[in-house]
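Everything in the sequence shown is counted per the numbering used here, starting at 150 for the first residue and increasing by one. Everything on this sheet refers to the single structure shown next.
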Amino acid sequence: MKILITGAAALVGSHFTQRLAGDDDVLALKRADLDITDVAAVNSCVAAERPSLIINCAVVQVDEAEQNPAKASAVNVDGPKFLAEAATQFGAEIIHFSTQYAFEGETIGRAPYTIEDEPRPVNVYGKTKVAGEQAVRDACARSYIIRTSWVYGSGKNSFLCTVHKDLESGKHVRAIDDIGSSTTYVEDLIDRCRQIFNTRHYGTYHIVNAGVCSYYEFALEAGRLLGIKREQLDSLIEVIHERDMKRMAARPRYTPLRCLLSEELGFAPMRDWRDALAEYVKA
Ligand SMILES: NC(=O)c1ccc[n+]([C@@H]2O[C@H](COP(=O)([O-])OP(=O)(O)OC[C@H]3O[C@@H](n4cnc5c(N)ncnc54)[C@H](OP(=O)(O)O)[C@@H]3O)[C@@H](O)[C@H]2O)c1
150 MKILITGAAA LVGSHFTQRL AGDDDVLALK RADLDITDVA AVNSCVAAER
200 PSLIINCAVV QVDEAEQNPA KASAVNVDGP KFLAEAATQF GAEIIHFSTQ
250 YAFEGETIGR APYTIEDEPR PVNVYGKTKV AGEQAVRDAC ARSYIIRTSW
300 VYGSGKNSFL CTVHKDLESG KHVRAIDDIG SSTTYVEDLI DRCRQIFNTR
350 HYGTYHIVNA GVCSYYEFAL EAGRLLGIKR EQLDSLIEVI HERDMKRMAA
400 RPRYTPLRCL LSEELGFAPM RDWRDALAEY VKA
């Protein structure tokens, strides 16, 4: 299969590229190779390459989106629309990633969000991602929208990706304890996407590891898995609160996800976040 990956330098895009490269003909395009907001470039690329599948991993993230809504709209809404239109025109399917930030996350402890819950994003990122989902659905009937949450894996400099290494080297870390969500090990995300793709069952999926935690609980578990004693973890991890952080964009407070389509298709539940984290820490 010929697969075109956009935003291929990203966490999800780079891992997808590595995982698929052995079996498929993968064209991994970074922003310098293909700017998804350039409709002419998107069309000529898809027309020339004729992929069977487009995987869009390009995104403008949360604080940048709040700071630059026009750019967020271009990358998170227009770009996915151009890719989905090109997919339809040249006979490809499309996988497009979205986010738990589709939801407002106001109620701590509530049941996980499903596709039956109405999106109610609280920031520019969430609003543009929800609009991008709809643009893809409208433009391409053969589309998979994959909402995921707090993704981690090797190669990215973010709290979830690096906290275990920081703790192992005795570094002090600050961890937020008053927001919770589902977490997602990038390798598990890719496994499930491949499984979904094999069904050709188009729709909106919520792909995350089972369970919910805060950043603080994630850090504690990473430390425990490394064999670091609790007293030492207490001195290494400083607890901080989202409510005290003066961030550019508001964050939803509690956004666990549940996938009704995976249940309908009879997929095994995704493994618990602690088991996925254990594999990551070991790797
Ligand atoms: N990471 C998470 O925790 C998380 C959670 C929920 C959902 N998701 C979703 O998962 C997907 C992938 O996220 P990620 O964390 O892997 O992304 P990421 O690491 O933040 O990387 C985003 C990539 O998009 C590229 N990009 C930006 N503008 C572009 C453009 N105009 N054309 C082409 N590429 C462009 C960036 O390139 P430059 O670096 O050159 O700008 C970067 O490589 C996104 O749809 C995101 O919404 C991620």
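We put the beta carbon where it would ideally sit given N, CA and C, even for glycine.
| Check | Outcome |
| --- | --- |
| Cβ distance (whole Å) where I325 is taken to contact S363 below 8 Å | 6 Å |
| Stretch pair the region 270-285 + the region 192-212: three plus CB contacts closer than 8 Å | yes |
| Inter-residue Cα distance where the pair is S307 and G281 | 24 Å |
| Among R407, H313, G360, nearest to G372 - alpha-carbon criterion | H313 |
| Other residues of its chain near D315: CB distance less than 7 Å, five sequence neighbours each side excluded | V322 |
| Nearest neighbour of I257, chosen from V361, A235, D424, E387 [CA to CA] | V361 |
| Top-ranked residue by Cα proximity to H390, from E428, E412, I328 | I328 |
| Same chain, Cβ closer than 7 Å to Q216, five either side skipped, listed in chain order | M397 |
| DSSP state of V271 mapped onto helix, strand, coil | coil |
| T277 beta carbon near ligand 1 (any heavy atom closer than 7 Å) | no |
| C-beta contact flag for H355 and L414 at 8 Å | no |
| Three-state secondary structure assigned by DSSP to H245 | strand |
| Backbone secondary structure at V226 - three-state DSSP | helix |
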